[in-house]
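*Asks:*
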Amino acid sequence: RKEVEQDPGPFNVPEGATVAFNCTYSNSASQSFFWYRQDCRKEPKLLMSVYSSGNEDGRFTAQLNRASQYISLLIRDSKLSDSATYLCVVTANSGNTPLVFGKGTRLSVIA
Amino acid sequence: NAGVMQNPRHLVRRRGQEARLRCSPMKGHSHVYWYRQLPEEGLKFMVYLQKENIIDESGMPKERFSAEFPKEGPSILRIQQVVRGDSAAYFCASSQGANYGYTFGSGTRLTVV
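Protein sequences appear in the order of chains A and B. The letter at position 25 of the first sequence is residue 25 when you use my numbering, and the numbering goes up by one with no holes. Count along the second sequence from 1, then add 1000; that gives the number in my numbering.
What follows is the structure, given as structure tokens:
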């Protein structure tokens, strides 16, 4: 089983749609969780951290379910500029463990 | 704050040559990570360094690849005797410490011809 699994997509949605991405992780010791965004041929950029209580940043909402080892990202009112690959990222909180990236889910928002 | 600086942005090498990729972390960041991304693939961890120390090199091939982060100067990822399969984007990231989010550089795209 891969450490971090994501549906690769692509998700093709119209502007204004709500879209949800899911991610599962295999290491139950994982403690830190993030969503990154990567545009084509660009570097990944931190979108948001994911907290146990869930957190929201504008149109973006992240949820964590530790029991199911499942993370989600919800994007409301999609914009054309949201088109990118969304990377689910986890790390164990054992001091010096590097971040583990999922392969990403590709989103295309269509006018 | 200039962010994480990587150079060169693009590097072309013939098979058998050496590739040297440089990374200067963000000001105040002492943790450097190198990742490789093959076309249509996810980022794969290679090595994690702090100043003068390799903390974790579990993702780095045992042969031909080496990394350093000297007391002064940038971190260097060195690939000796490159082969076509080394063609990829190599991203460097830095952070304030373990379990903080990373800031990535723009990457070096290595093409081996």
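Think of the CB as a built atom: it goes at the ideal place given N, C-alpha and C, for glycine as much as any other residue.
#1: At the level of alpha carbons, what is the spacing between residue 7(A) and residue 74(A)?
#2: Give a yes or no on whether 7 Å exceeds the smallest Cβ distance from residue 1087(B) to chain A.
#3: Which residues of the stretch 1025–1043 of chain B have a Cβ closer than 7 Å to any Cβ of chain A? Give them in chain order.
#4: Let me know the beta strand (DSSP E) ranges lying completely inside the stretch 6–36 of chain A, each 3 residues or longer, listed in chain order.
#5: Pairs of beta-carbons, one from the stretch 58–77 of chain A and one from the stretch 1002–1011 of chain B, closer than 8 Å: are there three or more?
#6: Could you tell me which whole beta strand (DSSP E) segments of length 3 or greater appear in the stretch 1008–1034 of chain B?
#7: What is the residue span of the beta strand (DSSP E) that residue 1047(B) lies within?
#8: Tell me whether residue 2(A) is buried or exposed, calling it buried when 16 or more other Cβ atoms sit within 10 Å of its Cβ.
#9: Nearest CA to the CA of residue 128(A): which residue from 12(A), 4(A), 5(A)?
#10: Where does the unbroken beta strand (DSSP E) through residue 44(A) begin, and where does it stop?
*Replies:* For this structure:
#1: Roughly 14 Å between the two C-alpha positions.
#2: It does not; no Cβ of chain A falls within 7 Å.
#3: Against chain A - using a Cβ distance shorter than 7 Å - the residues of the stretch 1025–1043 of chain B are 1033, 1041, 1042, 1043.
#4: The qualifying runs are 11–14, 19–25.
#5: Output reads no: the stretch 1002–1011 of chain B does not touch the stretch 58–77 of chain A.
#6: You should have 1010–1013, 1019–1024.
#7: From DSSP, the beta strand (DSSP E) with residue 1047(B) extends over 1043–1050.
#8: Here residue 2(A) is exposed: its Cβ has fewer than 16 other Cβ atoms, across all protein chains shown, within 10 Å.
#9: Residue 128(A) is absent from the structure shown; chain A starts at 1 and stops at 111.
#10: Residue 44(A) -> beta strand (DSSP E) spans 44–50.
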